[in-house]
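A short write-up of the structure that comes next.
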Amino acid sequence: MKNIAIIGSGSWGVALATYLSGNGNMVKIWSFNEEEKRMINEEKRCKFLPQVVIPDNIKCSTDFEEVIKDAEFILHVTPSKFTRETFKKYKQYVGNKPVIICSKGFEKETLKTLDEVIKEELPTVKIGVLSGPSHAEEVSIGIPTVLVVASKHDEVLELIQDTFISEKMRIYTSKDVKGVELGGALKNIIAFCAGVAAGIGLGDNSFAALITRGLSEISRLGVKLGGEKESFYGLSGLGDLIVTCLSEHSRNRKAGKLMGQGKTLEETKKEVGMVIESIDNIDVAYELGKKNDVYMPIIETVYQVIYENLEPKEAVKNLMTRERKSE
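According to our numbering, the residues represented by the sequence shown are 69 to 395, in order.
In structure tokens form, the structure reads like this:
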């Protein structure tokens, strides 16, 4: 049995807590919201996962010190745009505890990955990244899931693999922190594109092409940013890309579908009702592509759909009629 701290009380934070508590661990969740704390502690439920009854060995608090003080490691599960702000508030309690990044995205203002953000705030911290095809709705009810944890520290890899692995979850390890993190962050954008494709009524041929060529784009950028190409064809790249592009559970796909059906950006955000990492990070990926001279026509085109009012059907036409090239 281990004591585990989870920073973030959204669907993924609660799903991880539910899974880990089922393995016999004591889990404390930090929430910024008193009402979410009350729901978890008193009603034993999470508004984002209505099918889940939260076990008694999960406690929620709005006090960072209370959540972290006895933990053996910390799972950071806040939306990417709140990572620095939140980490600044609890870094004084980290000590030698590893911080495992379970969020997927970038810091928009600096174009930094989340491991860079946390290392910038606390250079001595031991970081891991947990990623892969994993809808919270399925993990929380014990559907078999396979993930990858990446870290430069062998003891962190061993700790996370030992804690998580069971008949319901298999964990692989990797030393490629950058590649695993970038795969998880960039695939959300392609999932948004898949939603747009669904919204305008495209078919299986289109989805297959989008996933294949989208993977080619994100791997090109990811390698330029320091990731290993193999990681993008593993669980955090191809695996996560498939599940987010094709599943109705995906909020990124749902957001794209709504915009494909004619909703505005604000209407889409309101209807989804949760943070949409793809929308927060499309302009980051676009800027990183330009900065690093990486050819990314799909990401450039979806940027135009969101920020330059390009019609989705016209966007598809533009992609299909580009200059001919070899694969």
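Glycine included, every Cβ here is placed at the ideal spot set by N, Cα and C.
- Beta-bridge partners of V120 (DSSP): none assigned.
- Of the residues I72, Q372, T86 and V384, the one whose Cα lies closest to the Cα of E205 is T86.
- Scanning the stretch 136-211 from its first residue to its last, the whole beta strand (DSSP E) runs of 3-plus residues come out as 141-144, 167-169 and 195-199.
- Taking the Cα positions, E102 is about 13 Å away from G78.
- In the DSSP assignment, Y354 falls within the alpha helix (DSSP H) that extends over E345 to K359.
- No Cβ-Cβ contact shorter than 7 Å links T213 with S199.
- Distance check between E235 and each of S219, I211 and D183 places I211 closest, using alpha-carbon atoms only.
- If you ignore the 5 residues before and after V291, its C-beta comes within less than 7 Å of the C-beta of K297, all in its own chain and listed in chain order.
- With a threshold of 16 other beta carbon atoms within 10 Å, S394 falls short and is exposed.
- With fewer than 16 other Cβ atoms inside 10 Å of its own Cβ, G294 counts as exposed.
- A straight-line Cα-Cα distance of about 18 Å links I350 and F300.
- In this structure, P166 places its C-beta atom within 7 Å of the C-beta atom of K194.
- Per DSSP, S129 is not a residue of any alpha helix (DSSP H); the beta strand (DSSP E) it occupies stretches across I126 to S129.
- Under the three-state reduction of DSSP, Y240 is assigned to strand.
- Pairing S148 with S171 gives a Cβ-Cβ distance under 7 Å.
- Going by DSSP, M327 is part of the alpha helix (DSSP H) stretching over R319 to G328.
- For the pair T336 and S346, the Cα-to-Cα distance works out to about 12 Å.
- With a threshold of 16 other beta carbon atoms within 10 Å, R152 meets it and is buried.
- If you draw a straight line from the Cα of K325 to the Cα of F275, it is about 13 Å long.
- In the DSSP secondary-structure assignment, M94 is bridged to N71.
- For S274, the uninterrupted alpha helix (DSSP H) segment begins and ends at D272 to K292.
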